[in-house]
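Peer 1: So in the numbering used here, the last one in the sequence shown is 177, and the numbering has no gaps at all.
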Amino acid sequence: MTENTEHKILEILKTEPKGMAALLVAKKSGLSLLEVIKTLEALIQQGKVKKKGKIYRAASHN
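Structure representation (structure tokens):
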């Protein structure tokens, strides 16, 4: 997982404020579902992504 991958996923999530499932992120990014899930979990640990059920969304930085 690279910073570029993290950036790509965050940019995709920012396009949908209500969030989206990991599978949709994978389809939009062209990355494998496994890579997307691993990256999303890392982004959650960093506080950059929130997860509710199966939906991931970019954390707001107000």
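The beta carbon of each residue, even a glycine, is placed where N, CA and C say it ideally should be. Because the structure is a prediction, the values reported are computed rather than measured.
1) Residues bridged to I180 by DSSP?
2) Please determine, among T117, N119, T120 and M135, the residue with the shortest C-alpha to C-alpha distance to A174.
3) A157 to E131, Cα distance in whole Å?
4) Have a look at G162, K163, I159 and T120 and flag the residue whose alpha-carbon is nearest the alpha-carbon of K143.
5) CB of T130 to nearest heavy atom of the ligand FMN: below 6 Å?
Peer 2: So, from the data block:
1) Residue 180 is absent from the structure shown; the chain starts at 116 and stops at 177.
2) M135
3) In a straight line, the C-alpha of A157 is about 20 Å away from that of E131.
4) T120
5) For the structure depicted, the ligand FMN is absent and the ligand set is empty, with no information on it obtainable.
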